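Counted from 1, the sequence shown has number 719 at position 307 by our numbering; the numbering is strictly sequential. Below is one structure; the comments refer to it alone.
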Amino acid sequence: MLNLQNVDHYEVNDIDVKRTLNTEVLVIGAGNAGMMAAAAAAEKQAQVTVIEKEDSINLLRLGLGGVGTNAQKRAGLTINKYDLVEYLASFAQHNVDEGLIYHWANHSAEAVNWVEDNILKPHGAHLRSEPDAMVTSSAYTGFPTENDPTIDDKTFASYGQWFQEKVESMGVNLRFKTALIKLLTINGQVSGAIVKDLSNGEYIQINASKGVILCTGGYSANKQLLKEWNPLALKKNVYNDSPRSNGAGITSALNIGAIKDEEPAECIFDRGLVPIGTKTDDMYVQTATYKDWLWLGSHPLLKLNMRGQRFANESVPYQFIVNAASKQPGYLYAMIWDDNFDEYAKQFHMVGCARVGFPGYMASAEKLREDTQQYVDKGLVVKADTIEELAQHLQLPVANVKASVKRNNELVNDNIDKDFGKEAYRLTSVNKKPYYGCILGGRILCTFDGLRINKQMEVMDNQYHAIPHLYAAGNDSGGFFFGSYPDRVPGLAASHAQTFGRLAGQQAAQN
Ligand SMILES: Cc1cc2nc3c(=O)[nH]c(=O)nc-3n(C[C@H](O)[C@H](O)[C@H](O)COP(=O)(O)OP(=O)(O)OC[C@H]3O[C@@H](n4cnc5c(N)ncnc54)[C@H](O)[C@@H]3O)c2cc1C
Numbered sequence: 413m414l415n416l417q418n419v420d421h422y423e424v425n426d427i428d429v430k431r432t433l434n435t436e437v438l439v440i441g442a443g444n445a446g447m448m449a450a451a452a453a454a455e456k457q458a459q460v461t462v463i464e465k466e467d468s469i470n471l472l473r474l475g476l477g478g479v480g481t482n483a484q485k486r487a488g489l490t491i492n493k494y495d496l497v498e499y500l501a502s503f504a505q506h507n508v509d510e511g512l513i514y515h516w517a518n519h520s521a522e523a524v525n526w527v528e529d530n531i532l533k534p535h536g537a538h539l540r541s542e543p544d545a546m547v548t549s550s551a552y553t554g555f556p557t558e559n560d561p562t563i564d565d566k567t568f569a570s571y572g573q574w575f576q577e578k579v580e581s582m583g584v585n586l587r588f589k590t591a592l593i594k595l596l597t598i599n600g601q602v603s604g605a606i607v608k609d610l611s612n613g614e615y616i617q618i619n620a621s622k623g624v625i626l627c628t629g630g631y632s633a634n635k636q637l638l639k640e641w642n643p644l645a646l647k648k649n650v651y652n653d654s655p656r657s658n659g660a661g662i663t664s665a666l667n668i669g670a671i672k673d674e675e676p677a678e679c680i681f682d683r684g685l686v687p688i689g690t691k692t693d694d695m696y697v698q699t700a701t702y703k704d705w706l707w708l709g710s711h712p713l714l715k716l717n718m719r720g721q722r723f724a725n726e727s728v729p730y731q732f733i734v735n736a737a738s739k740q741p742g743y744l745y746a747m748i749w750d751d752n753f754d755e756y757a758k759q760f761h762m763v764g765c766a767r768v769g770f771p772g773y774m775a776s777a778e779k780l781r782e783d784t785q786q787y788v789d790k791g792l793v794v795k796a797d798t799i800e801e802l803a804q805h806l807q808l809p810v811a812n813v814k815a816s817v818k819r820n821n822e823l824v825n826d827n828i829d830k831d832f833g834k835e836a837y838r839l840t841s842v843n844k845k846p847y848y849g850c851i852l853g854g855r856i857l858c859t860f861d862g863l864r865i866n867k868q869m870e871v872m873d874n875q876y877h878a879i880p881h882l883y884a885a886g887n888d889s890g891g892f893f894f895g896s897y898p899d900r901v902p903g904l905a906a907s908h909a910q911t912f913g914r915l916a917g918q919q920a921a922q923n
């Protein structure tokens, strides 16, 4: 039996409340959902307090999805909303509340446009839509949903500081180093929360007359909860890139009778460099700084299991190669490539942050080479003049690796992948030395299974009735994703958080 009260690492027994504060709307967590919730509630004239356990707001994400945004209209881009929603529901095998996905599609442009008009434009920035999301095969349709904040259309504009200044100018009380401990109720209605001031250890009771909005970002930092709700995630992943998200929002609501998704959902990136010889069970590194993150990992280069055999089409949504590796011995996989990789990068037409050139993070193929070289220097990417030597460095069976490389080069010559169906334009040889190789595992970006909410963003109890005055948004809220992240709808995660945060803030302010 899981002890939900202790999962957030803070003691809840013998709480000695030192002070009481009053607000109308209490937002828990200053990330993508929480900052939008705060702004929206303040815009509706509510008195708003945000508590955040760290000493800064979380990164407000740069790739923002949306349907029918002003940036898309300026680019002459139309997205068929019905096709998009059906794609998302079918990607989840309909293990979702499809009405919520429509709700996102109907309101995402309002949220994205609000950010552009109120946060970016006053600072000379704007959103640029990314119209050429790829459609590589009938199995993987892409939707060009991403909007990217920029000033010069060549680089990203980071807007977190501007956002913080905006909400503070709207009168929002932003309290850092303050963590949610537990929710309070009066006659079944949420009345506020006990929080802890982490700078002095004092407990504070915050009464919230209009409601509490949970926006703590899921639970990927909490190994105990992962074991309970998504044990495979601990095998698939060797890094967690959301170290702030320890499940406090979800568990606090479960403790007062809320329900959550019964199946896990997660976003995993295929860029986790693993020191050679490490086993996945021994590695779960929590990092907020992209530690040992190989951008090239998302490119559809030759990938082999730990026996040196090819095991999947490498040209798939980025999480899928990690899923495929979880059906192979050891859960990890090797990537092998040759010295032409910067040329291959140009032919692959990657999108989103894997793209070379804006809005990717590698400005050019030369930058990608530099990025890769730092890991050669660090010993996480190995280099050799022969495939035998490379396989030995990677501790892989030499004969199998040689056979896999030979077969790969035959398929490239034939211009058809008879083994796994990779598109011909993404088939690349391994025949120009030096050869490169590394061992990769997954990086969990966030969990998505969360509290069940209705269209008012109210958290529901086991009778599917709203728990009065309790709202959830972002990765604390569920019903929207199942299994893996649909990366062909770029910017969906941040947009889901920001759009639902905005709707939750508006709803709570109306009480
Ligand atoms: C490296 C990386 C890159 C990404 N890039 C993109 C992208 O380009 N586009 C996209 O769509 N998605 C992206 N995502 C996913 C996206 O960031 C998340 O889906 C989104 O941030 C979720 O928003 P949220 O508000 O639920 O959580 P967050 O933005 O993570 O915010 C949660 C906040 O709650 C705080 N908190 C936690 N517990 C407590 C507590 N007990 N008390 C008080 N505060 C608490 C945390 O400190 C944090 O500040 C990326 C994720 C990562 C990790």
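Glycine residues also receive a C-beta, built at the ideal position from the N, C-alpha and C atoms. Please read all numbers here as calculations on a predicted model, not as lab measurements.
Does the distance from the CB of residue 441 to the CB of residue 663 come in under 8 Å? Here residue 441 refers to the residue found at position 29 when the sequence shown is read from its first residue. Here residue 663 refers to the residue found at position 251 when the sequence shown is read from its first residue. Result no, Cβ atoms of residue 441 and residue 663 do not sit closer than 8 Å.
Use the C-beta contact count for residue 914: other C-beta atoms within 10 angstroms, 16 or more gives buried, fewer gives exposed. On the sequence shown, position 502 is the one that residue 914 refers to. When all chains shown are included, residue 914 counts as buried.
Could you give the first and the last residue of the continuous beta strand (DSSP E) run that contains residue 601? Along the sequence shown, read from residue 1 onward, the residue named residue 601 stands at position 189. That run of the beta strand (DSSP E) goes 601-609.
Indicate, with yes or no, if ligand 1 has a heavy atom lying under 7 Å from the CB of residue 748. Position 336 of the sequence shown, counted from the start, is the residue given in the question as residue 748. Incorrect: residue 748 has no Cβ contact closer than 7 Å to ligand 1.
With distances taken Cα to Cα, identify the nearest neighbour of residue 534 among 513, 804, 563 and 555. Here residue 534 corresponds to residue number 122 of the sequence shown, with the count starting at 1. For residue 534, the closest alpha carbon among the candidates 513, 804, 563 and 555 is that of 563.
Using only the alpha-carbon positions, how far apart do residue 451 and residue 620 sit? Against the sequence shown, residue 451 aligns to sequence position 39. Against the sequence shown, residue 620 aligns to sequence position 208. For residue 451 and residue 620, the distance between alpha carbons rounds to 16 Å.
Cβ shell of residue 826 (< 7 Å), same chain only, five flanking positions each side left out: Here residue 826 corresponds to residue number 414 of the sequence shown, with the count starting at 1. So the list is empty, once near-sequence residues are dropped.
Hey, could you find the ends of the beta strand (DSSP E) residue 749 is sitting in? Along the sequence shown, read from residue 1 onward, the residue named residue 749 stands at position 337. Where residue 749 is concerned, the enclosing beta strand (DSSP E) stretches over 745-749.
Straight-line gap, residue 498 to residue 513 (C-alpha atoms, nearest Å): Numbered from 1 along the sequence shown, position 86 holds the residue referred to as residue 498. Numbered from 1 along the sequence shown, position 101 holds the residue referred to as residue 513. The straight-line gap from Cα to Cα measures roughly 9 Å.
For residue 805, which three-state DSSP category applies? Locating residue 805 in the sequence shown gives position 393, where the first residue counts as 1. In this structure, residue 805 counts as helix in the three-state DSSP scheme.
Exposed or buried, residue 421, counting other C-beta atoms within 10 Å across all chains shown (16 or more means buried)? On the sequence shown, residue 421 is found 9 positions in, with the first residue counted as 1. Because residue 421 sits at a pLDDT of 44, beneath the cut-off of 50, its placement in the model cannot be relied upon, and the following sentence gives the value as read from the coordinates. Per the 10 Å Cβ criterion, exposed.
Residue 738: CB within 7 Å of a non-hydrogen atom of ligand 1: Residue 738 sits at position 326 when you count from the first residue of the sequence shown. No; taking the cut-off as 7 Å, the Cβ of residue 738 has no heavy atom of ligand 1 nearer than that.
Report buried or exposed for residue 414, applying the criterion of at least 16 other Cβ atoms within 10 angstroms of its Cβ. Translated into positions along the sequence shown, residue 414 becomes position 2. A caution first: residue 414 carries a pLDDT of 42, below 50, which makes its placement in the model unreliable, though a value can still be read off. That one is exposed.
Can we say the segment 599-619 touches the segment 856-867, given the rule of at least three CB pairs closer than 8 Å? By the Cβ rule, the segment 599-619 does not count as touching the segment 856-867, because fewer than three pairs are nearer than 8 Å.
Indicate the three-state DSSP secondary structure (helix, strand or coil) for residue 613 in the structure shown. To locate residue 613, count along the sequence shown from 1; it is residue 201. Three-state DSSP puts residue 613 in coil, outside helix and strand.
Start and end residues, alpha helix (DSSP H) containing residue 495: If you number the sequence shown from 1, residue 495 lands on position 83. Per DSSP, residue 495 belongs to the alpha helix (DSSP H) from 493-503.
How would you write the range of the beta strand (DSSP E) that residue 591 sits in, first residue to last? Translated into the one-based positions of the sequence shown, residue 591 becomes position 179. Residues 590-598.
Taking the continuous alpha helix (DSSP H) assigned at residue 536, which residues delimit it? Counting from one through the sequence shown, the residue named residue 536 turns up at place 124. Premise fails: residue 536 is in no alpha helix (DSSP H) and is neither H nor E.
With contact counted as at least three CB pairs below 8 Å, one residue from each stretch, are the segment 878-890 and the segment 682-699 in contact? no
Do you know offhand how far residue 891's Cα is from residue 910's? For the purposes of this step, residue 891 is taken as residue 479 along the sequence shown, with counting starting at 1. For the purposes of this step, residue 910 is taken as residue 498 along the sequence shown, with counting starting at 1. Using only the alpha carbons, I get a separation of about 16 Å.
With a CB to CB cut of under 8 Å and the five nearest residues on each side skipped, what residues in its chain are close to residue 675? By one-based count along the sequence shown, residue 675 stands at place 263. Cβ-Cβ distances below 8 Å link residue 675 to 507, 861, 894 and 895 in the same chain, with the five nearest sequence neighbours on each side left out; the list follows chain order.
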